[in-house]
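Read the structure below first, then the notes.
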Amino acid sequence: MRLRSALALAALLFPAFLHAQVVQTAGAQPDGSLPPEASGGITLEEAIALALRTSPEVARAELAEEGRGLAISGARTERLPSVSFSAQPSQSYGLSFDQTTGQLVSQTVESFNTGLSANVQIYDGGRTRALVRQAEFDRAAAEASGERTRQTVAADVADRFLQLLLDRQLVEIQTEQLEAARQQLDRAQRLVAAGARPESDLPAARATVAERVAALAEATASIARDQVRLLDRLGLGPLAEVTFVGPTLEELEAAGLLDLAAPEVAALVEAALDSRQDLRAQEIAVDAAVAGEALARTASRPNVSAFGQIGTGYSSLASRLTNPDAEPTLLPVTLSDGSPVLLGGVPFVVPQQPDFEFETTPFFSQLGDNRSGSLGISVTVPIFDRFAARRQRQEARLQSENARVELDALRRSVSAEIGLAAVEIAGAEARLDAANARVEAAQAAVDAEEARYSLGVTTPYDLADARGRLAEALAARAQSAYTLVFRRALLRLATGDEITDLIP
């Protein structure tokens, strides 16, 4: 009875499994270490939460979501003006033209020009709006894909966790068979000592014990392999001292999950088409492709922007007068003999240019005097772009059609996946029924062989063969039970269902 109840061992694990998809980070530390409450053993829910924290696939999905969010921010900034500041100090040698003074000089000239410019987009044909819309669709698709990735990781952890528990059950079966073989060896030794059985029975009994020891060793090695695979999925080292725990056998026996009604495929397909995250991601991808078509159409529309600029400059050639009140020099006009020329009895004189003095205009004075600015509007109308805009529209249309084809293919794949899962469940149920009948027949054969052995009408080889068939039948029944429970859980996952309680 204990072994029969253990056949449902995986069943109670899946409510926690699906619950962990909702509470994704429960039981895991930010650094990926074990949670404090896991000191007494890690449950499936805690294992899934830890895997979701440390999984590279989930990390990549989260980075993709973050990148799509940045793309939205970048698209929205297209509406903002662009402002830039420039400063250009320089020193030139030789013959050069100074723009500030308008002189052509041959000397060392120091200059400094600075300015502030701005550009504001007034109309871009709807390009920015289309960019933002497409980026928002891309982020929504990334979020849906990330959620499906988390479900896939959770399913993989559950598969490895269940395999570990199944192999533990197989170890228990082999342990029971080894104990039965040893009891049979003790029994044979007593019968041989009493003269009721021949001495030749002992080698056969010892060989049976050796076979059971080898089978137990192989089953134990399988547990070690399962442990390493599960630890690797959780991001822990293979030498981590971790114990994985599941529900009690009494809880499993009361669950009755091996007798659930057959799934209604049509209803499950309809539910999957409404709730599958990968389907939602592809539907959003179609919307993003449509937004891409709108973006491509903006390439042939006019573009209007306003711009403005202010600036100033300094040059070492710029100078200013320091003695504006200087008096001109009066030069008298004389004859060849040196006598002055008289005009109206007064000596005639010619005024000469005053001896003006100059200095370089101070830096800040030049910056204030040399200010300049401009405002304007730029209108760009595409006339002929070598059909680039048309090619963009055609490529966007093809991408949109391809996204719709992918969506249709995914819907078909989901329907086929659910139908196949239902077939697998039916097959697992049939195999479990056959395994139950096989166990009953094998147990009856062992009982009959033991009775015949006690009467001395059979050989230890026949009894060992009957026990071997019983061990195989028990293992097959356990495998069938675990397979059935996992197939049912995978069917629920295939529909995108996140119901946390699978117990009726």
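The sequence shown maps to residues -20 to -1, 1 to 484 in mature numbering (1 follows the signal peptide of the UniProt record, and there is no 0).
Glycine included, every Cβ here is placed at the ideal spot set by N, Cα and C.
C-alpha distance - residue i paired with residue j, whole-angstrom precision
{"i": "A469", "j": "S202", "result": "23 Å"}
{"i": "L387", "j": "D258", "result": "10 Å"}
{"i": "L435", "j": "L24", "result": "50 Å"}
{"i": "I479", "j": "S255", "result": "Note that I479 scores 33 on pLDDT, short of 50, meaning its location in the model is unreliable and no value can be drawn from it."}
{"i": "T129", "j": "R370", "result": "37 Å"}
{"i": "G291", "j": "I102", "result": "24 Å"}
{"i": "V100", "j": "R300", "result": "40 Å"}
{"i": "D147", "j": "A199", "result": "7 Å"}
{"i": "L454", "j": "I264", "result": "49 Å"}
{"i": "A389", "j": "A41", "result": "23 Å"}
{"i": "V2", "j": "V112", "result": "Only weak support is given to the placement of V2: the predicted model assigns it a pLDDT of 34, under 50, and the value that follows is read from those uncertain coordinates. Rounded to whole angstroms, V2 to V112 spans 30 Å at the Cα level."}
{"i": "R467", "j": "E159", "result": "33 Å"}
{"i": "A29", "j": "E46", "result": "21 Å"}
{"i": "R162", "j": "R140", "result": "33 Å"}
{"i": "T475", "j": "L50", "result": "31 Å"}
{"i": "D445", "j": "V426", "result": "9 Å"}
{"i": "A268", "j": "E116", "result": "8 Å"}
{"i": "T88", "j": "Y73", "result": "5 Å"}
{"i": "F336", "j": "Q289", "result": "37 Å"}
{"i": "A122", "j": "T34", "result": "19 Å"}
{"i": "F364", "j": "A120", "result": "36 Å"}
{"i": "Q149", "j": "E375", "result": "57 Å"}
{"i": "G226", "j": "G106", "result": "58 Å"}
{"i": "A428", "j": "E244", "result": "43 Å"}
{"i": "S345", "j": "G293", "result": "10 Å"}
{"i": "A124", "j": "R260", "result": "6 Å"}
{"i": "Q68", "j": "E90", "result": "11 Å"}
{"i": "L471", "j": "A451", "result": "30 Å"}
Beta bridge counterpart(s) of residue i as assigned by DSSP
{"i": "T292", "result": "T94"}
{"i": "Y103", "result": "V284"}
{"i": "V330", "result": "L311"}
{"i": "I22", "result": "F224"}
{"i": "residue 493", "result": "Shown here, the chain extends from -20 to 484; a query on residue 493 therefore has no answer."}
{"i": "G47", "result": "G47 pairs with nothing; no bridge assigned."}
{"i": "S352", "result": "G291"}
For residue i, three-class secondary structure by DSSP
{"i": "A308", "result": "Here residue 308 is Pro; the residue named in the question, Ala, does not match the sequence. Three-state DSSP puts P308 in coil, outside helix and strand."}
{"i": "V313", "result": "coil"}
{"i": "R300", "result": "strand"}
{"i": "E339", "result": "strand"}
{"i": "T57", "result": "helix"}
{"i": "F367", "result": "coil"}
{"i": "V172", "result": "helix"}
{"i": "Q4", "result": "At Q4, the pLDDT of 38 sits below 50, so the modelled position is not reliable; the number obtained from the coordinates is stated separately. It is coil, neither helix nor strand."}
{"i": "V359", "result": "strand"}
{"i": "Q87", "result": "coil"}
{"i": "G324", "result": "coil"}
{"i": "S70", "result": "strand"}
{"i": "G215", "result": "coil"}
{"i": "V63", "result": "strand"}
{"i": "G318", "result": "coil"}
{"i": "S434", "result": "helix"}
{"i": "R467", "result": "helix"}
{"i": "S35", "result": "coil"}
{"i": "T439", "result": "coil"}
{"i": "S180", "result": "coil"}
{"i": "T475", "result": "coil"}
{"i": "E429", "result": "helix"}
{"i": "E244", "result": "coil"}
Span of the alpha helix (DSSP H) around residue i
{"i": "G348", "result": "F343 to D349"}
{"i": "residue 500", "result": "Outside the displayed range of the chain (-20 to 484) lies residue 500, so it cannot be described from this structure."}
{"i": "L275", "result": "Q257 to R277"}
> Do the region 197 to 212 and the region 163 to 182 touch if we need at least three Cβ pairs shorter than 8 Å?
Replying inline: no
> Do the region 149 to 158 and the region 91 to 107 touch if we need at least three Cβ pairs shorter than 8 Å?
Replying inline: no
>> Check whether the region 307 to 321 and the region 128 to 142 are in contact - that is, three or more C-beta pairs closer than 8 Å.
In response: no
>> Using 8 Å as the cut-off, can you tell me whether the region 351 to 364 makes contact with the region 316 to 325, which would need three or more C-beta pairs spanning the two stretches below that distance?
In response: no
> Three or more C-beta pairs closer than 8 Å, one from the region 217 to 224 and one from the region 165 to 172: is that the case here?
Replying inline: no
> Touch check for the region 445 to 460 and the region 403 to 415: three-plus C-beta pairs under 8 Å?
Replying inline: yes
> Does the count of Cβ pairs from the region 302 to 311 and the region 413 to 420 closer than 8 Å reach three?
Replying inline: no
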